[in-house]
Amino acid sequence: MIGAFFDLDGTLCTEHIWRALTQYPYPQRWRRLVVRFYLISHVLLWPLHRTGLLSKETFYRLWGQDMAWILAGLSPSEAEEVFHWIADQHILPSLRPDAMEILRHHQGEGHFVALVSGTFEELLTIIGRRMGVDHVVGTRLEVRRGRYTGRLASSFCFGTEKAERLRGFLRENELGIDLAASFAYGDSAFDLPFLEMVGHPVAVHPDDELRATAVQRGWPVIGEPSAGKSS
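Numbering-wise, the working numbering puts 453 at position 152 of the sequence shown, and it's gapless, one number per residue.
Spelled out as structure tokens, the structure:
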């Protein structure tokens, strides 16, 4: 079976999950303070990144994995309301027509289509359903006593971990995917381990570093980078 694996943020859509999660109108004042603390504490990392004291990978990893703080104390059903809002108000309106056309083509060909993203798996499942995609591989949130703890249940699905998580998913489900004949779509140099898994990697609206790598290796490049996207 041929697989077609799609990153989400920047690849299938122009919106980013962290921005949507911080813009939700949380009713509790203390949670709004957590959102503010998350934003301020991570913006303060920017000078460290720009001066080379903090690697680009670590900078983006912290932005992504620490989003879990915002959901601490919510039950899965309460968080689901937030996730539906994010899907409907931010992600679906920002889907890229060119990338979605490719996804629909793979579905029409009967390929195994999956979303593979650092996005929380519970949210990714909702987004996938809205898009008609049944299979997702994302970041898992920790739940204790019926509430999210604000921590991850596994490592952040990013960089090399994204590739490892996809390999584990395919192995556990015994899907018989022919990776040499399969396709993967990503927008960032951090997607390289994921893209290198398949015989047909494609750079979609890529950052400068991924674009350069794709051109050098003869990979297809679709679209220009979003405004402000660079390596």
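Ideal placement from N, C-alpha and C gives every residue a C-beta, glycine not left out.
(request) Please look up how many angstroms separate the CB atoms of Asp-508 and Ala-490, rounded, as I've assumed it's under 8 Å. (result) 6 Å
(message) Can you confirm whether the region 330-341 touches the region 423-434 when touching is taken to mean that 3 or more C-beta pairs between the two stretches lie within less than 8 Å?
(response) no
(request) Using the Cα positions of Gly-529 and Gly-311, report the straight-line distance between them to the nearest angstrom. (result) With a pLDDT of 46 at Gly-529, under the threshold of 50, the modelled position of this residue cannot be trusted; read the value that follows with caution. Roughly 12 Å separates the two Cα atoms.
(message) So, at 7 Å on beta carbons, what are the nonlocal neighbours of Trp-520 in its own chain, with the 5 sequence-adjacent residues on each side left out?
(response) Pro-502, Val-503 and Ala-504
(message) For Glu-316, which residues in the same chain have their Cβ closer than 7 Å to its Cβ, ignoring the five residues on either side in sequence?
(response) His-391, Ile-392 and Ser-395
(message) Does Trp-347 pass the burial test, meaning 16 or more other C-beta atoms within 10 Å, or should it be called exposed?
(response) exposed
(request) Quick one: residues in its chain with C-beta nearer than 6 Å to the C-beta of Phe-306, no 5 flanking neighbours on either side, listed in chain order? (result) Ala-415, Val-417 and Ala-485
(message) Please state whether the Cβ-Cβ distance between Cys-458 and Arg-466 is less than 9 Å.
(response) yes
(request) Answer yes if the region 397-404 comes into contact with the region 347-360, meaning at least three C-beta pairs across the two stretches below 8 Å, and no otherwise. (result) no
(request) Report the three-state DSSP secondary structure of Gly-374 (helix, strand or coil). (result) coil
(request) Using the Cα positions of Leu-313 and Tyr-327, report the straight-line distance between them to the nearest angstrom. (result) 27 Å
(message) Tell me which residue opens and which closes the alpha helix (DSSP H) that Ser-489 is part of.
(response) Segment: none, Ser-489 is in no alpha helix (DSSP H) and carries neither H nor E.
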